[in-house]
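Q: Sharing a structure, written as structure tokens. Questions coming.
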Amino acid sequence: MKQAAMVFAAALIALPALGGDAHAHALAQRYDLPLPLGYFLVAAGAVVVMTFVILALFWRDSDKAVEVPDYTILRGTVPDPVVASSQLLAFLALTLLVVAGLFGTPDTFKNITPVAVWVIWWVGFGFLTAFIGNIWPLINPWSSAFGLAEKLARPWTSGLSFRANYPRWLGVWPSCAFFLLFAWLELVAPGRDVPRNMAIAILTYSVFTWTGFIIFGRDTWLKSGEVFAVAFGLFGRFAPLNFTNDGRWRVSLRPFATGLLTRTPLEPSMTAFSLLMLGTVTVDGFMETPLWAAVVVWVFAGFGSVDANPWAYMAMQTALLIAGPLILAGLYLVVIALMARISRLKSANLSGLFVLSLIPIAIAYHLAHYFSLFAIAGQFIIPLASDPFGYGWDLFGTMLYRIDIGIVDAKSIWYLSVVAIVTGHIIAVWVGHVTASAVFRDIRAASRSQYPMLVLMVTYTMLSLWILAQPIVEPNTK
Amino acid sequence: MSRRDTGALLVNIAVVLTAIYIGSAGTCPAQTATAEPRRFDLRIENGRITDHVKTVRVQRDEAVELVWSADRRTIVHLHGYSIEVRVNPGETQIMAFRARATGRFPIETHGDRHTVLLYLEVHPR
Numbered sequence: 012m013k014q015a016a017m018v019f020a021a022a023l024i025a026l027p028a029l030g031g032d033a034h035a036h037a038l039a040q041r042y043d044l045p046l047p048l049g050y051f052l053v054a055a056g057a058v059v060v061m062t063f064v065i066l067a068l069f070w071r072d073s074d075k076a077v078e079v080p081d082y083t084i085l086r087g088t089v090p091d092p093v094v095a096s097s098q099l100l101a102f103l104a105l106t107l108l109v110v111a112g113l114f115g116t117p118d119t120f121k122n123i124t125p126v127a128v129w130v131i132w133w134v135g136f137g138f139l140t141a142f143i144g145n146i147w148p149l150i151n152p153w154s155s156a157f158g159l160a161e162k163l164a165r166p167w168t169s170g171l172s173f174r175a176n177y178p179r180w181l182g183v184w185p186s187c188a189f190f191l192l193f194a195w196l197e198l199v200a201p202g203r204d205v206p207r208n209m210a211i212a213i214l215t216y217s218v219f220t221w222t223g224f225i226i227f228g229r230d231t232w233l234k235s236g237e238v239f240a241v242a243f244g245l246f247g248r249f250a251p252l253n254f255t256n257d258g259r260w261r262v263s264l265r266p267f268a269t270g271l272l273t274r275t276p277l278e279p280s281m282t283a284f285s286l287l288m289l290g291t292v293t294v295d296g297f298m299e300t301p302l303w304a305a306v307v308v309w310v311f312a313g314f315g316s317v318d319a320n321p322w323a324y325m326a327m328q329t330a331l332l333i334a335g336p337l338i339l340a341g342l343y344l345v346v347i348a349l350m351a352r353i354s355r356l357k358s359a360n361l362s363g364l365f366v367l368s369l370i371p372i373a374i375a376y377h378l379a380h381y382f383s384l385f386a387i388a389g390q391f392i393i394p395l396a397s398d399p400f401g402y403g404w405d406l407f408g409t410m411l412y413r414i415d416i417g418i419v420d421a422k423s424i425w426y427l428s429v430v431a432i433v434t435g436h437i438i439a440v441w442v443g444h445v446t447a448s449a450v451f452r453d454i455r456a457a458s459r460s461q462y463p464m465l466v467l468m469v470t471y472t473m474l475s476l477w478i479l480a481q482p483i484v485e486p487n488t489k
Numbered sequence: 037m038s039r040r041d042t043g044a045l046l047v048n049i050a051v052v053l054t055a056i057y058i059g060s061a062g063t064c065p066a067q068t069a070t071a072e073p074r075r076f077d078l079r080i081e082n083g084r085i086t087d088h089v090k091t092v093r094v095q096r097d098e099a100v101e102l103v104w105s106a107d108r109r110t111i112v113h114l115h116g117y118s119i120e121v122r123v124n125p126g127e128t129q130i131m132a133f134r135a136r137a138t139g140r141f142p143i144e145t146h147g148d149r150h151t152v153l154l155y156l157e158v159h160p161r
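Line by line, the protein sequences give chains A and B.
Quick note on the working numbering: the first sequence kicks off at 12 and runs consecutively.
Quick note on the working numbering: the second sequence kicks off at 37 and runs consecutively.
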């Protein structure tokens, strides 16, 4: 496995060499104005005030430990034909992305693959997952194709998988590795917008996923090594719709964010995965701040310009991508150690319980950060749907659609950012509080144990706000 | 209804209100500007703006004119609005447009590599 992973990494690193006109900024480019000082101060004030309001509101909730209640409101079953047709559509979409990437035009904005993957799927489907429900397990094309293959092969073999024993200690670490690589491809790699590179990356990942299915069995690998199943699963805990499978697909409705309340601690590797995701969300925004640009200028002062040393600049970005989540994890572990001291419980259990309470802050920031990009760059899918390969087709008569960059006003985005950040913070504090009162027998210990966590939450929220208030700049040392 | 349910309820009201807000967040009706265009003279030497202007700020719906001159043949591209001019030494080229979309838009020199010259900020009214 290790060797295979190295080959995969090497293949991906070699990708940019496969050519194409690769300018780093193309799709990732956001046109957001910085959050004005007034909005920043109102939001920051609201965050601090609301933290204490929630403390006061819910603190004397009870004098003994409480079970996390079952919040389910409604249950239902997803009709099989709906599942089957969504799976077919998802698989056709995946095929289209690969074919368009390989055989379509190399122009980023005239080929459907870059916009469909980065904007519609990673950002848009991410929003859908967090705010409505995680349908990835239903439509996951790698999973459904493998399932179909197993069904077809049934007359001859009992299954296509060796069902090798998956080592327990490995947990979701393979997903952590894939996520780091994916984040690197998204934020750092040159040529990440080149359709051909993307098609090759998709094919490579498909081979890995199916190999994982074959060695360990589909269900095991979906829980541990299929990074998107793990990632969307995490984001989807915030959503009101929850999809489960007991032979048929069931759906249940629950209040927002209640999926983040856990009775059992997460595995250490899953805690690490969550911190990795939380950290990269912040790194993404931080890479566009003047502070980061200043750091780059300072580092490059010795040996020339960014343009002349693209590899050195990439190395810096990569270092930040790794350092960001590590710093967050370090702070989190300090907080957990303090909580353990106050409550006299084991840190190992606590670290798996409270990490989910940070997720709403990251989701809120993600929304504020990407909403305008989604609204503006997402429009490219309208002309591209008519001409996915850039061959000059006009399948739906939308090829000549012009992108409206004024579709959302900056003021709307500022309001949205403030409301989202403050709401996300309130939910985070609430989740932390409910979790604490379920974990700690002694309600006083529960209260006191939350102080370090609240400090971390306020810090994390303020960092998000601060990034939103920075003008977007590209490091440029010429 | 217990306090905990109240908490969940409040949280959900907040999320739903946010969602409604986002749903309704559209554009404001455009104003027609009749005033003189805002004019900015920008000169490029050695691939950078001469008087260290880093940002040009205008209001939404203002008429804007960016007047370019350069010491060598340069392609200048305003992103978002997607306006491109080719500037030759000794001549001026004008980007004239109405700033109908808010945002912070990079203006780059295009060619072998893309380098940011400065940013155009269009602020809401």
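Cβ atoms here follow ideal geometry from the backbone N, Cα and C, with glycine treated the same way.
(1) Measuring only the C-alpha atoms, how far is E485/A from F227/A?
(2) Scan the region 209-274 of chain A and note each continuous beta strand (DSSP E) run of 3 residues or more that stays entirely inside, going in chain order.
(3) To be precise: take each residue of the region 227-251 of chain A, compare its Cβ to all Cβ atoms of chain B, and keep it if any distance is under 7 Å. Which residues remain?
(4) Would you kindly work out how many angstroms separate the C-alpha atoms of A164/A and T231/A, rounded to a whole number?
(5) Please report the distance separating the alpha-carbon of K13/A from that of E237/A.
(6) What residues of chain B sit near Q98/A, judged by a beta carbon separation below 9 Å?
(7) Flag T106/A as yes if its beta-carbon sits less than 9 Å from any beta-carbon of chain B, otherwise no.
(8) Ordered along the chain, which non-local residues of its own chain (more than five positions away) have a Cβ less than 7 Å from that of L395/A?
(9) Report, in whole angstroms, the separation of the C-beta atoms of Y42/A and I387/A, which I expect to be a contact under 8 Å.
(10) Can you tell me where the alpha helix (DSSP H) with E161/A in it begins and where it stops?
(11) Which class does V105/B belong to by DSSP, given the choice of helix, strand or coil?
(12) Can you list the residues of chain B that Q40/A reaches, using a CB-CB cut of under 8 Å?
(13) Cα-Cα, which of M468/A, I225/A and L191/A is closest to A242/A?
(14) Could you check which residue in V294/A, A250/A and P80/A has the C-alpha nearest to that of L479/A?
(15) Taking only beta-carbon positions, decide if Y155/B is within less than 9 Å of chain A.
(16) To the nearest angstrom, how far is the alpha carbon of P321/A from that of V60/A?
(17) I need the boundaries of the beta strand (DSSP E) containing A188/A, first residue and last residue.
(18) Roughly how many angstroms separate the alpha carbons of I24/A and V110/A, rounded to a whole number?
(19) Quick one: what does DSSP say F76/B is sitting in, helix, strand or coil?
(20) Do L465/A and V440/A have their beta-carbon atoms positioned less than 9 Å apart in this structure?
(21) In three-state terms, what does DSSP make of A449/A?
(22) Using a cut-off of 7 Å between C-beta atoms, extract the partners of R136/B located in chain A.
(23) Drop a sphere of 10 angstroms on the beta-carbon of G258/A, count the other beta-carbons inside from all chains shown, and report buried for 16 or more, exposed for fewer.
(24) With a threshold of 9 Å between beta carbons, is R109/B in contact with chain A?
(25) Determine whether the Cβ of G139/B lies closer than 9 Å to any Cβ atom of chain A.
(26) On the DSSP bridge list, what partners appear for S151/B?
(27) Nearest-angstrom Cα distance between L271/A and R248/A?
(28) On the three-state DSSP scale, how would you describe R140/B?
(29) Going along the chain, which residues of its own chain have a beta-carbon closer than 8 Å to the beta-carbon of V152/B, five neighbours each way excluded?
(30) From which residue to which residue does the beta strand (DSSP E) around V123/B run?
(31) Nearest to F138/A by CA position, among R179/A, A95/A, G244/A and W260/A, is which residue?
(32) Below 8 Å, is the gap between the Cβ of R174/A and the nearest heavy atom of the ligand PLP?
(33) For the candidate residues R140/B, E157/B, V103/B and T138/B, whose alpha-carbon lies nearest to that of R75/B?
(34) Just how far apart, CA to CA, sit D204/A and F385/A?
(35) With H, G and I counted as helix, E and B as strand and the rest as coil, what does DSSP make of Q14/A?
(36) Taking 9 Å as the threshold (C-beta atoms), are T472/A and V58/A in contact?
A: Taking the definition as stated:
(1) So the alpha carbons of these two residues sit roughly 44 Å apart.
(2) Within the region 209-274 of chain A, the complete beta strand (DSSP E) runs of at least 3 residues are 252-256 and 260-264.
(3) Residues are counted here when their Cβ sits less than 7 Å from a Cβ of chain B; for the region 227-251 of chain A the count is zero.
(4) In this model, A164/A and T231/A are separated by some 20 Å (Cα to Cα).
(5) No answer about K13/A holds up, because its pLDDT of 44 lies below 50 and its placement is not dependable.
(6) Under the 9 Å cutoff, chain B gives no residues; its nearest Cβ is about 28 Å from Q98/A.
(7) Chain B contact via Cβ: absent.
(8) Result list for L395/A: I123 and V126, in chain order.
(9) Beta-carbon to beta-carbon, Y42/A and I387/A are separated by about 7 Å, close enough to satisfy the 8 Å threshold.
(10) From DSSP, the alpha helix (DSSP H) with E161/A extends over P152 to A164.
(11) Checking the sequence shown, residue 105/B turns out to be Ser, not Val. The answer is strand: DSSP assigns S105/B an E or B state.
(12) Within 8 Å Cβ-Cβ: H115 and P142.
(13) Selection M468/A, I225/A and L191/A evaluated against A242/A yields L191/A as nearest (Cα-Cα).
(14) Selected option, being the one with the closest Cα: V294/A.
(15) Y155/B counts as touching chain A.
(16) About 45 Å.
(17) Looking at the DSSP string, A188/A is not in any beta strand (DSSP E); the run it does join, the alpha helix (DSSP H), is W184 to L198.
(18) For I24/A, the pLDDT reaches just 40, beneath the cut-off of 50, and the residue's location in the model is therefore unreliable, leaving the point undetermined.
(19) Of the three classes helix, strand and coil, the one that applies to F76/B here is strand, per DSSP.
(20) With a cutoff of 9 Å on beta-carbon distance, V440/A and L465/A are scored as near each other.
(21) Under the three-state reduction of DSSP, A449/A is assigned to helix.
(22) Near R136/B (Cβ distances below 7 Å), the residues of chain A are G417.
(23) It is exposed - the Cβ of G258/A has fewer than 16 other Cβ atoms within 10 Å.
(24) No, its Cβ sits nowhere closer than 9 Å to a Cβ of chain A.
(25) Contact with chain A is found for G139/B, since one of that chain's Cβ atoms lies less than 9 Å from the residue's Cβ.
(26) According to the sequence as given, residue 151/B is Thr; it is not Ser. DSSP, once it has assigned bridges, lists T145/B as partnering T151/B.
(27) Cα to Cα, the separation comes out at about 5 Å.
(28) It is a strand residue.
(29) Non-local C-beta neighbours of V152/B in its own chain, meaning closer than 8 Å and more than five positions away in sequence, comprise P142, I143 and E144, ordered along the chain.
(30) Run containing V123/B: I119 to V123, per the beta strand (DSSP E) assignment.
(31) Nearest in C-alpha terms to F138/A, of all of R179/A, A95/A, G244/A and W260/A, is G244/A.
(32) The ligand PLP is not among the ligands present in this structure, which contains no ligands whatsoever.
(33) The shortest C-alpha separation from R75/B is found at V103/B.
(34) If you draw a straight line from the Cα of D204/A to the Cα of F385/A, it comes to about 16 Å.
(35) Low per-residue confidence applies at Q14/A: pLDDT is 47, beneath 50, and the placement is therefore not dependable, though the value from the model is reported in the following sentence. In the displayed model, Q14/A falls within a helix according to three-state DSSP.
(36) The answer is yes: Cβ separation under 9 Å.
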